[in-house]
Every structure is written in structure tokens, then in C-alpha cells.
């Protein structure tokens, strides 16, 4: 039997789809806390009933977390054990809870994570893309102009990038990715993770939209997009061999300015690195 301590805020991860992914420790903690704060009490009640967890629930979501936080802190100060859960996955990972955790720690209240499912980690681990360095970007902006601006700011990021996206925006998001990132940049589309119709599909930024266009059933559900990072620059001149080759070929046909811009667009290297390399070559007597 799992024992709990009083006056502690437990952050409890819940399944992202398959109910069997709920850990034994998580279930035992939730059975013994005094109160469970959750995004949607009706949604969470279905999960809790499945595991025979009968504890009081209180709504805690993005629209009320500022006002609900002081109430939960008071319960914790009184020595009650409080659990925070999200609708699915690990609390605070693209879910409410940050003000509560920050305030609890500032007040000297112990915060304990009960780890478990997390959609971004599940998708990353199965993507086949580099996992040693990655950046989670949550949901991209809803509007295309803002979305493209966000993608433009991330175009030269060397770390693997992870996004969440909803079914009704997935095609628009893939289109905007294709407008900003080099077409050969690898992308993995993870859909409905741990659920019956789970699919994890490897593609490229240039082909992903057409792939889903041909398969309407692949446009339904919840998505995690795992995008390969920009090629790492070599220490010598800032460009990897493939980027150098593209720049040399373009310099033979285009002006320096155009060659640099196209190299950056095609390969994902920064314009500054391509420009510095081109100038160095010119100073050495040409690009050849």
C-alpha cells in the first residue's frame, strides 16, 4: 500500500489514451489524497470511476486557475494532501498548473511529481529523430501569419522540435511548415498515441501535407509533430558539407545575395553563416 504525506501537492500523470497506462502508484496516491484538482470533473470522473477512486473533485483549468490557486494553497496549509491531474498526460505540460506549483513552492509547500504518460515524450521516443536535445513548443499559434512567424524564428534551431496540434488545424499547420522549413527536413506525425488507431508516420516537410491529403483518415485525432532540427554547423566555417555544396552551386549561377538566401531556404542554414562563408570564399579567389 502506498503511503502519502499530508500537506503535499502531488502532480499525478494520467493516461493519454490507453487506460492501462495508469501507474499503480498514481492510482494509490489518488485514492488517499483529500482532494483532486482536475481540468474537467466530468472527464476525470470517468477515469477515476474505472479505477475505483472516490475522492472529492474540484475544477482547476485555464479560466479559473488564478482564483482557484489561493483556495488550494489554503487547503495545503491546513495539512490536506492535494493532487493535481490534467485531462490526459503529465500536469503542467501544456496544461494548467504553473501558478499553483510556483505559489506552493514559494510558500514552502512540498511539491511531488508522480510521473507517467506524456505525449511529447512518447512521440519523441518513437520518432527515430535525435533525442539528446529537443525543444517542446506546445500548440503553434492559431492564425497562419502568427504561426509562420513562430516557425520562421525556429527555422535555424538545431534541436529536434515538438509541437502539439488539433485535427481541424493539422493541414494548415503542415502547409505553413512547408512554407518556412526546407522541404527535405524530416518530420514524424504521431497520431492518437496509445489509442486504438495510433499511427506514427515518418515523412518530410515537403511531402507531409500531400501524404495526409491522400489519407483522410489520418487527419483525425490528436497530433504530435516531431520535426528534425537544422543541420549542425561545422566548426570550420559554419556550414556542413551538404550546405557548402548547395552554396557553391548557387554562387555559380546567382548573385551572392540570391545564392545566400536560397541556400538558407533550401538547407536550413542561417543566412549569416552562409553569407560569411561566401565572403570568405570570394576573398580566397572565388567559390570554386
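Residue numbers (the UniProt record's numbering): 1 to 288. Ideal placement from N, C-alpha and C gives every residue a C-beta, glycine not left out.
Taking a C-beta distance under 7 Å as the contact criterion, residue 101 and residue 118 do not qualify as a contact pair. Counting only runs of at least 3 residues, the stretch 88-118 fully encloses the following beta strand (DSSP E) elements, listed from N- to C-terminal order: 111-114.
By the criterion of at least three beta-carbon pairs nearer than 8 Å, the stretch 178-197 is in contact with the stretch 12-23. Of all alpha-carbon atoms in 25, 115, 6, 218, the one lying nearest the alpha-carbon of residue 77 is that of 6.
With distances taken between CA atoms, residue 44 lies nearest to 13 out of 251, 258, 209, 13. The criterion of a C-beta distance shorter than 7 Å is not satisfied by residue 260 and residue 243. Listed in chain order, the beta strand (DSSP E) elements of length 3 or more contained wholly in the stretch 217-288 are 222-227. The Cβ-Cβ distance between residue 191 and residue 229 does not fall below 7 Å. Only buried fits residue 140, as 16 or more other CB atoms lie within 10 angstroms of its CB. Here residue 131 is not bridged, per DSSP, to any residue. Annotated as distal: residue 68 and residue 41, with beta-carbon spacing of 7 Å or more. When DSSP states are grouped into helix, strand and coil, residue 186 belongs to the strand group. In this structure residue 147 is buried. Its beta-carbon is surrounded by 16 or more other beta-carbon atoms within 10 angstroms.
DSSP, reduced to helix, strand and coil, places residue 85 outside both helices and strands of the structure shown, so it counts as coil. In this model, residue 159 and residue 239 are separated by some 16 Å (Cα to Cα).
When only Cα atoms are considered, residue 97 and residue 183 end up about 37 Å apart. Its Cα nearest to that of residue 57, the residue 30 stands out among 79, 214, 30.
Excluding the 5 residues flanking it on each side, residue 227 has same chain C-beta neighbours closer than 6 Å at 161, 187, in chain order. If only uninterrupted alpha helix (DSSP H) runs of at least 4 residues are considered, those enclosed by the stretch 14-84 are 24-32, 41-50, 65-77. In the three-state reduction of the DSSP assignment, residue 194 falls in the coil class. Checking the DSSP bridge columns, you'll see residue 166 partnered with 222. Nearest C-alpha to residue 132 among 121, 211, 110: 121.
With a contact defined as Cβ atoms closer than 8 Å, residue 247 and residue 278 qualify at about 6 Å. Across the set 89, 80, 168, the C-alpha of 80 shows the shortest separation from the C-alpha of residue 8. Annotation: residue 202 to residue 156 spans about 21 Å, alpha carbon to alpha carbon.
Excluding residues up to 5 positions away in sequence, 100, 103, 104, 107, 109 lie with their Cβ nearer than 8 Å to the Cβ of residue 73 in the same chain.
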